[in-house]
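Residue numbers (the working numbering): 435 to 683. Note that beta-carbon positions come from the ideal geometry of N, C-alpha and C, so glycine has one too.
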C-alpha cells in the first residue's frame, strides 16, 4: 500500500487526457497490448522486468481509450546493474551515484493518437512523482525507428558532438551490435533538421539538460536502435523546472 500511495501523485487529468497508475493485472495487460501494437509485434509485448515496474497509463477522457503508457523501475547506484538498460550498456560508472533513480521504459503512444498533450501529461505526472519522492536521476533507453543508421545520421552527429554523457557517469559499450557516434571531423549536419528528426521523447530529455551514450545499440528483435539517456535532476535548468512544474499545476 505504501508503494501505491507513493504513486498517487501521478493520478490526475489535464485537458482531454487522464493519467493513472496500473493497479490490476488487466491494466498491465492493456499496456502490454499497446506496446505490442506500437512495436509492430504479432502480439503482446512483455518481459521479466514488468512485474517489478510501476506501469503508468494515459487514457482519453473522450472514449476511455488507452493512448499512452510507460513503466518505471526504482533503482539505486547499488542496484542499477539489475535494470533493463544494463543488459545493453555497461553502467559501472553509475554504481557510485548517490540518490534514488528511476528507469523509464516502454514509452508508447498509440499511433492514432499522436497529440502533444499526451507527452505533456506524462511529464506532468513524472514531475510530480520526482518532486514527491526526491528522485535524483531519470534514465532509460530512447528508441529510434528502424536499423538503418543513415536515416538518423544527422541526429547521431548532433548527439555525438553536443550531448554525450559526462565522463563521470558515461556508460561504456557492452553490446556487440552498436553504432558509435565518434566523429571524424568531416561530417556536417543541420542542427534544425537534426532536432526535427529526433524522437520527441529524446528531445524532451535534452531540453532538460539530459545526455546520452556515445553509441546506439541495435535491437534486431524490435527492428530499432536505442541510446542510453539520462537526466540528473539537479542539473535541470531552473527555467525548465518551472515549466515542468507548471504542467502539474
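| query | result |
| --- | --- |
| So who's on the other strand from residue 645, going by DSSP bridges? | 664 |
| How many angstroms separate the CA atom of residue 476 from the CA atom of residue 535? | 33 Å |
| Going by CA-CA distance only, name the one from 654, 662, 586 that's closest to residue 608. | 662 |
| By Cβ distance, which residues of its chain are closer than 6 Å to residue 432, with the 5 residues on each side in sequence left out? | The structure shown has nothing for residue 432, since the chain only spans 435 to 683. |
| Provide the residue(s) that pair with residue 537 in DSSP beta bridges, ordered along the chain. | 507, 573 |
| Per the DSSP calculation, residue 658 is bridged to which residue(s)? | 579, 653 |
| Per the DSSP calculation, residue 524 is bridged to which residue(s)? | 606 |
| May I have the straight-line CA-CA distance separating residue 500 from residue 552, to the nearest angstrom? | 11 Å |
| Can you name, in chain order, every residue of its own chain whose Cβ lies under 6 Å from the Cβ of residue 448, other than the five neighbours on each side? | 555 |
| Just tell me which of 453, 503, 588, 642 has its CA closest to the CA of residue 628. | 588 |
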